[in-house]
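Using our numbering, you'd call the opening residue of the sequence shown number 6 and step up by one each time. See structure below.
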Amino acid sequence: MLSLQKIIIVIVGLGLLIGCSSTKRLKNTPIGLINNVSYVNASFNNPNASNGFLIQYKDDTYAVTAKHILVMAKTDKMKFVDFEGELKEWKMHPKNDSTKYVIIENLLNTNKKDSLTWSYMDTNWDNYNDWLVFSIKENKTDYKPLIFRETSLIKGEDLYVIGWSYKDTIGSQRLYQYKFDEIDGNYYNLKQVNGPQGLGGLSGSPVVDKKGNVVGLVSSGWEDEKTNEVFIQATKIDNAFKFISKLD
């Protein structure tokens, strides 16, 4: 008969094996995309405007990224969450392979009152829905879109960010590990376990659980001055789910 100590060792060992298997599977599953934005006025083009991903609801697939990316990747004429006829083409593709791409068709959550300024975003951050949802015109990838997670997160649960920071060199998608810490209004605060050298450029990356179900997307990050721990703030996907579910 196994002792309690041996049983605990077996359970812990099994948990580590399952965890390693999950991370390996996620790392090797094609998920990460970057935004490659082209405007009629080419001087405003941005070929590496952070990250995005595909998501599925019922039989439809959508492209999703962080809304605050438009504050950086816009033209001078764009004042609100609307392209105002300025967009030439918005592509999403892996950072390491532009031959596999998605071309977006329409921005579905345009908003003539949602100002594309840092001051507006900072003032409204607590209730800021930091996501853009696009319909898709063309999909030349073999990517399987993510699905929404419907159950609540558990404190300390392992979560993963998939994509590239600006400091990540061209190559396969990165898989960064975080732990769910707390809910902060419209966001999840996540404690970094294994992250990039710098958080810049990680915006819009999907945050998924060990099964690969999406729970949010990266919006911001910071380092705690007292503990030196790094945190990211991920916009909860709930409101995007509600928005998409009403498109039918």
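Heads up, the beta-carbon is just placed ideally off N, CA and C, and yes, glycines get one too.
Excluding the five sequence neighbours on either side, which residues of its own chain have a C-beta within less than 7 Å of the C-beta of residue i, listed in chain order?
i   : result
W32 : The amino acid at residue 32 is misidentified as Trp; the sequence shows Lys. Result list for K32: L180, in chain order.
A68 : G57, L59, M97, V107, I109, F139, I141
Secondary structure at residue i, three-state DSSP: helix, strand or coil?
i    : result
G18  : Reliability fails at G18, whose pLDDT of 47 lies under 50, so the model's placement of it is uncertain and no value is given.
V45  : coil
K140 : With the sequence shown as reference, residue 140 is identified as Ser, and Lys is not the correct amino acid for it. Note: S140 maps to strand in three-state DSSP.
N244 : helix
L252 : coil
R30  : helix
I74  : helix
D127 : helix
N53  : coil
N132 : helix
K145 : coil
K11  : Because the pLDDT at K11 is just 46, under 50, the model does not fix this residue reliably, and the point stays unresolved.
Give the straight-line distance between the Cα atoms of residue i and residue j, rounded to the nearest whole angstrom.
i    : j    : result
L265 : S170 : Residue 265 is absent from the model: the chain starts at 6 and stops at 253.
Q238 : L137 : 17 Å
L19  : K215 : Note that L19 scores 40 on pLDDT, short of 50, meaning its location in the model is unreliable and no value can be drawn from it.
K149 : Q61  : 9 Å
K142 : I39  : 17 Å
I175 : K82  : 32 Å
P211 : N114 : 18 Å
I188 : N194 : 6 Å
K96  : A71  : 15 Å
T146 : V107 : 7 Å
K172 : L207 : 10 Å
F139 : E234 : 34 Å
V17  : S27  : Reliability of the predicted coordinates at V17 is poor, the pLDDT of 47 falling under 50, and the value obtained from them is presented with this limitation in mind. Roughly 15 Å between the two C-alpha positions.
N51  : H73  : 14 Å
S250 : S48  : 37 Å
L37  : R30  : One detail in the question is off: residue 37 reads as Gly in this sequence, not Leu. The alpha-carbon atoms of G37 and R30 are separated by roughly 14 Å.
D87  : N111 : 10 Å
T156 : N129 : 27 Å
V166 : D102 : 20 Å
Under 8 Å Cβ to Cβ from residue i, same chain only, skipping five residues before and after it: list those, please.
i    : result
V76  : L121, T122, W123, M126
V219 : F58, I60, L151, I152, F153, R154, P211, V212, V213, I242
N132 : G190, N191
T66  : L59, I60, I141, N144, P150
F236 : D186, N194, L195, K196, Q197, G226, W227, E228, D229
Measure the CB-CB distance between residue i and residue j and report whether it falls below 9 Å.
i    : j    : result
N244 : N191 : yes
G168 : F58  : yes
K79  : E91  : yes
F85  : K118 : yes
T34  : G217 : yes
F185 : G209 : no
P99  : Q178 : yes
A54  : V42  : yes
L222 : T240 : yes
I'd like the list of long-range same chain contacts for residue i, defined as Cβ closer than 6 Å, with 5 residues on each side in sequence excluded.
i    : result
F246 : F153
N134 : N244
Q202 : K172
S225 : Q238
K93  : S43, Y44, V45
E89  : K82, M83
L158 : F185
Is residue i near the ligand FAD, with its Cβ less than 8 Å from a heavy atom?
i    : result
K118 : Inclusion of the ligand FAD in the displayed structure is not the case, the ligand content being empty and no account of it being possible.
Name the DSSP beta bridge partners of residue i, please?
i    : result
A239 : Y193, V223
H98  : I39
Y62  : D65
K184 : D163, K196
G168 : R179
N116 : V86
P211 : L222
D228 : According to the sequence as given, residue 228 is Glu; it is not Asp. Answer is V235, bridged to E228.
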